[in-house]
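For the sequence shown, my numbering begins at 445 and goes up steadily by one.
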Amino acid sequence: MRKIALLIGVSEFDSGDLEPLPKALADVKAMEEVLLEPELGGFEESHLTVLKNPKRQIMEDAIYDIFNKQKSKRDDLLLFYFSGHGIVDESGIFYFSTRETRKDNGKLRPTTAVKSNYVHEYMNQCRSRRITIILDCCHSGAFAQGLTHKGAGNPQIKEQLGGEGRAILTAASMTQYAWSKDEYPLSAYTYFLLEGVKTGEADTDGNKYLSMEEIHEYAKKKVLESGLEMTPEFYPVREGGKIRLFKAKISPSEQYKREIESFIPQGNIPEYMKPYLISKREKLGLSEEEARDIENKVFAEVIQKQKHLDTYRKAVHKAFPEGSDINNSFIWNNLKKYQIHFQLEDEDVSPIHQEVRARLENSEQKRKQQEEEEKRRLEVEAKRQ
Numbered sequence: 445m446r447k448i449a450l451l452i453g454v455s456e457f458d459s460g461d462l463e464p465l466p467k468a469l470a471d472v473k474a475m476e477e478v479l480l481e482p483e484l485g486g487f488e489e490s491h492l493t494v495l496k497n498p499k500r501q502i503m504e505d506a507i508y509d510i511f512n513k514q515k516s517k518r519d520d521l522l523l524f525y526f527s528g529h530g531i532v533d534e535s536g537i538f539y540f541s542t543r544e545t546r547k548d549n550g551k552l553r554p555t556t557a558v559k560s561n562y563v564h565e566y567m568n569q570c571r572s573r574r575i576t577i578i579l580d581c582c583h584s585g586a587f588a589q590g591l592t593h594k595g596a597g598n599p600q601i602k603e604q605l606g607g608e609g610r611a612i613l614t615a616a617s618m619t620q621y622a623w624s625k626d627e628y629p630l631s632a633y634t635y636f637l638l639e640g641v642k643t644g645e646a647d648t649d650g651n652k653y654l655s656m657e658e659i660h661e662y663a664k665k666k667v668l669e670s671g672l673e674m675t676p677e678f679y680p681v682r683e684g685g686k687i688r689l690f691k692a693k694i695s696p697s698e699q700y701k702r703e704i705e706s707f708i709p710q711g712n713i714p715e716y717m718k719p720y721l722i723s724k725r726e727k728l729g730l731s732e733e734e735a736r737d738i739e740n741k742v743f744a745e746v747i748q749k750q751k752h753l754d755t756y757r758k759a760v761h762k763a764f765p766e767g768s769d770i771n772n773s774f775i776w777n778n779l780k781k782y783q784i785h786f787q788l789e790d791e792d793v794s795p796i797h798q799e800v801r802a803r804l805e806n807s808e809q810k811r812k813q814q815e816e817e818e819k820r821r822l823e824v825e826a827k828r829q
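Take a look at the structure:
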């Protein structure tokens, strides 16, 4: 079982037709460091190829080499990472820029860039059952067109590396540009992707491995929160989303935070669990102050969420007074604004909806009961007369 990577960064161009991308080489360097980190990527340096501002022929040779069906093995895990300009021509075909890329009268000269079909061709011939493509470039969603997949393999390898197939992670859709911000040392998508790996926060299922789906979802969430006008996309083929490229390196503070979060349903830390947490804190090497800050932050979020739920509960009850139609879609559409504004999940508000529904049903039953009693009373009086 081998883990092999090809990292390409294109930041400079011989012509003046394309804007320089100074962060592209920083992206490649940062990705290389994480891949070589034994506790994260665990790649061997001899299995890692880095190209900085390559010419087209050199870039195509490297792509051919990593996907070479004569050299690749079924159990290899392959990574192709690219940071640079992505260009879509008039026919909708996606190209990877090289340092030689230029335009004629504003149109791409195709012989100066690497056509996505070239990558598709050799990737589709490759024997490896685990291929990950990460593209931090404009219009990168266009690359995912025209891919195929292969069959299954060794179950023991599957346990170590996760699902089989392909995983295509792109910084932007077919029609979008990939952006960054000055405060980020890297391109935005790569920055958040690696942040999720290095902090371990992308490990949402807590199994100490990072699937490509977990990594992408973390980066996508952070990109959208940043306000950048780009939507990272994910294209898994077969079980490609389950491929495990990285191990999760969870920081001591994150481990302690997860311990504290386990008490959220109770709303506080039980007294009998405090000695355990003291021992846990000491083992993790956290100071009392650091632990207290984590506890306060976790429960501050709980308190804030509870306030939002209380506000929402009052609004729902006020919106549906006695005798209201619980199925009034206009009212529910208005109340949805509260849910979105307070970032409340459906499972958070479902008990409130059930509570209001039960109140109205109970009220309706009482009303009918009172009507029935009044009807019987009138009938009795009528008979007396």
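All C-beta atoms in this analysis are idealised placements derived from N, C-alpha and C, irrespective of residue type, glycine included.
Between the options, which lies nearest to residue i when the distance is taken from Cα to Cα?
| i | options | result |
| --- | --- | --- |
| Leu689 | Gly460, Met475, Leu469, Glu544 | Met475 |
| Leu522 | Leu479, Thr556, Glu483, Ser560 | Leu479 |
| Arg736 | Glu703, Glu766, Tyr635 | Glu703 |
| Ala615 | Arg574, Asp649, Tyr662, Pro719 | Tyr662 |
| Lys751 | Lys718, Ile722, Gln783 | Gln783 |
| Ser535 | Ala763, Ser768, Pro709, Pro554 | Pro554 |
| Asp520 | Ile612, Arg821, Ile578, Ser572 | Ser572 |
| Gly640 | Asn777, Leu654, Tyr628, Asn771 | Leu654 |
| Leu708 | Pro676, Lys513, Lys749 | Just to set this straight, residue 708 is Ile in the shown sequence, not Leu. Minimum Cα distance to Ile708 is reached at Lys749. |
| Val760 | Ser723, Glu726, Lys741, Ala802 | Ala802 |
| Gly528 | Thr493, Pro464, Phe786, Val746 | Pro464 |
| Glu673 | Lys664, Ser768, Glu481, Tyr756 | Lys664 |
| Phe743 | Leu469, Thr755, Ile713 | Ile713 |
| Ile775 | Lys473, Ala763, Gly767 | Ala763 |
| Gly644 | Tyr633, Lys693, Gln514 | Lys693 |
| Ser706 | Lys781, Gly650, Lys758, Tyr756 | Gly650 |
| Tyr562 | Arg500, Gly671, Lys781, Gln514 | Arg500 |
| Leu552 | Gln569, Asp461, Tyr628 | Asp461 |
| Met656 | Tyr628, Lys666, Lys691, Val667 | Lys691 |
| Tyr628 | Tyr716, Lys666, Lys781 | Lys666 |
| Ile796 | Leu753, Gln809, Asn568, Arg828 | Leu753 |
| Lys652 | Asp626, Ser695, Ile738, Thr634 | Ser695 |
In whole angstroms, give me the CA-to-CA distance for residue i and residue j.
| i | j | result |
| --- | --- | --- |
| Glu544 | Leu495 | 14 Å |
| Phe511 | Arg574 | 11 Å |
| Ala449 | Ile507 | 10 Å |
| Pro466 | Tyr700 | 38 Å |
| Glu697 | Leu728 | Residue identity check: residue 697 is Ser in the sequence provided, not Glu. The straight-line gap from Cα to Cα measures roughly 8 Å. |
| Lys718 | Gly453 | 50 Å |
| Arg811 | Ser773 | 24 Å |
| Asp458 | Glu488 | 33 Å |
| Asp790 | Glu817 | 40 Å |
| Gln798 | Glu677 | 36 Å |
| His491 | Asp509 | 12 Å |
| Tyr539 | Arg546 | 12 Å |
| Leu804 | Leu788 | 23 Å |
| Ile502 | Val558 | 10 Å |
| Phe636 | Leu484 | 15 Å |
| Ser731 | Asp647 | 25 Å |
| Asp580 | Asn806 | 57 Å |
| Ser723 | Thr755 | 38 Å |
| Asn549 | Thr542 | 18 Å |
| Lys517 | Met445 | 8 Å |
| Val800 | Val793 | 11 Å |
| Gln814 | Arg820 | 10 Å |
| Lys447 | Asp533 | 33 Å |
| Glu734 | Arg725 | 9 Å |
| Arg757 | Pro765 | 13 Å |
| Gln514 | Asn497 | 27 Å |
| Ile837 | Thr675 | Past the boundaries of the shown model lies residue 837; the chain is included only from 445 to 829, so the question cannot be answered. |
| Leu469 | Glu456 | 10 Å |
| Lys473 | Glu481 | 12 Å |
| Ala826 | Asn778 | 49 Å |
| Tyr566 | Pro680 | 18 Å |
| Ser670 | His660 | 15 Å |
| Asn740 | Tyr720 | 18 Å |
| Gly711 | Gln569 | 55 Å |
| Asn771 | His785 | 22 Å |
| Ile601 | Glu477 | Unreliable positioning characterises Ile601 in this predicted model, as indicated by a pLDDT of 28, which lies under 50. The coordinate reading is nonetheless provided below. Rounded to whole angstroms, Ile601 to Glu477 spans 25 Å at the Cα level. |
| Gly595 | Asp505 | Any reading at Gly595 needs caution, since the residue's pLDDT is 29, under 50, leaving its predicted position unreliable; the model's value is listed next. Answer to the nearest angstrom: the Cα atoms are 27 Å apart. |
| Gly486 | Ile738 | 30 Å |
Rounded to the nearest angstrom, how far is the Cβ of residue i from that of residue j, given a contact under 8 Å?
| i | j | result |
| --- | --- | --- |
| Asp471 | Leu613 | About 13 Å separates the two Cβ atoms, so there is no contact after all. |
| Leu451 | Tyr525 | 5 Å |
| Gly609 | Arg682 | 3 Å |
| Ala611 | Ile687 | 5 Å |
| Ser560 | Ile531 | Actually they do not touch by this definition, with Cβ atoms about 10 Å apart. |
* To do: Run through the region 669-704 for me and flag every whole beta strand (DSSP E) of 3 or more residues, listed as ranges in chain order.
  => 677-682, 688-691
* Asked: Which runs of the alpha helix (DSSP H) fall wholly inside the region 723-797 and span at least 4 residues, in chain order?
  -> 732-763, 773-785
* **Continuous beta strand (DSSP E) assignments of at least 3 residues falling wholly in the region 503-538** => 521-527, 530-532
* Just list the alpha helix (DSSP H) runs in the region 622-651, keeping only unbroken ones of 4 residues or longer that don't cross its boundaries, in chain order. => Listed in chain order, the complete alpha helix (DSSP H) runs (minimum 4 residues) inside the region 622-651 are 632-643.
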